[in-house]
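Right, one structure below, let's go through it.
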Amino acid sequence: QQQVKQSPQSLIVQKGGISIINCAYENTAFDYFPWYQQFPGKGPALLIAIRPDVSEKKEGRFTISFNKSAKQFSLHIMDSQPGDSATYFCAASGGSGNTGKLIFGQGTTLQVKP
Amino acid sequence: DTGVSQNPRHKITKRGQNVTFRCDPISEHNRLYWYRQTLGQGPEFLTYFQNEAQLEKSRLLSDRFSAERPKGSFSTLEIQRTEQGDSAMYLCASRDSYNSPLHFGNGTRLTVT
């Protein structure tokens, strides 16, 4: 119930291509879905987040698509750049009495080839 | 906004020793979280503070682990009698309200030899 499942585990994309990472959750009480980017030796940094009252949110080259009925959400990185090479984590939180703790997916390592 | 600060950045200790990590959250943030991250995995929740009150602890937080947040400002995480399985990155994060952006520090990497 508390798991967030992320795929793929790794992804290689050519510069300029679209990177797509998917996540699925079980707990229907989740009401906040962020994506984080992490570089080696650094903490995760928030990229973009969505709430279940909208189906899509776009910020620059990053878009979250959210499918409430399927309990799935995805991150799309348009015009992928070598500087986007990092590990990406989806996460979720929510529910009555919830402290706001984030449950993270297992991560996707993205490599963007020049 | 100087970000979440964690010290030390790296800690190498021998099995059986005690270690303590410190986290200084962003100044106006009253909510503070500790996570643990092992290689190739996502961060796992350890514990949560709202001001000085510790409101939630994960089952991952064995009795060898203790966390404090005196006066609702900085927080410390202590591990007693360290084991090799404790080797991980320990991350601290803070936010100012429920489901506002959660800001992470750069972590303390613990290696237990």
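Chains A and B are the protein sequences, given in the same order.
Number 167 marks the last residue of the first sequence (our numbering); no jumps.
Number 130 marks the last residue of the second sequence (our numbering); no jumps.
For each residue, glycine too, the CB sits at the ideal point set by N, CA and C.
These figures come from a predicted structure and were not determined experimentally.
- Contact with chain B is absent for Leu128(A), since none of that chain's Cβ atoms lies less than 9 angstroms from the residue's Cβ.
- Interface residue (Cβ-Cβ distance to chain B less than 9 angstroms): Ile65(A) is not classified as such.
- Taking each of Asp84(A), Val165(A) and Asn75(A) in turn and checking the Cα distance to Ala145(A), the smallest one comes out for Asp84(A).
- Beyond the five residues adjoining it in sequence on each side, Thr140(A) comes within less than 6 angstroms, by CB distance, of Gln91, Gly160 and Thr162 in the same chain, given in chain order.
- Only residues of its own chain outside the window of five on either side were considered, and among them Trp88, Glu112, Phe115 and Ile117 have a CB closer than 6 angstroms to the CB of Ile101(A), listed in chain order.
- Between Lys166(A) and Ile65(A) the beta-carbon gap is near 6 angstroms, inside 8 angstroms, which marks them as a contact.
- Inter-segment contact for the region 56 to 65 of chain A and the region 92 to 101 of chain B is absent: fewer than three beta-carbon pairs are separated by less than 8 angstroms.
- Bridge partners of Met106(B) according to DSSP: Gln54(B) and Arg126(B).
- Cβ-Cβ distances below 8 angstroms link Val36(B) to Lys28, Thr30, Glu95, Ile96, Thr99 and Leu127 in the same chain, with the five nearest sequence neighbours on each side left out; the list follows chain order.
- Between Leu99(A) and Leu119(B) the beta-carbon gap is near 7 angstroms, inside 8 angstroms, which marks them as a contact.
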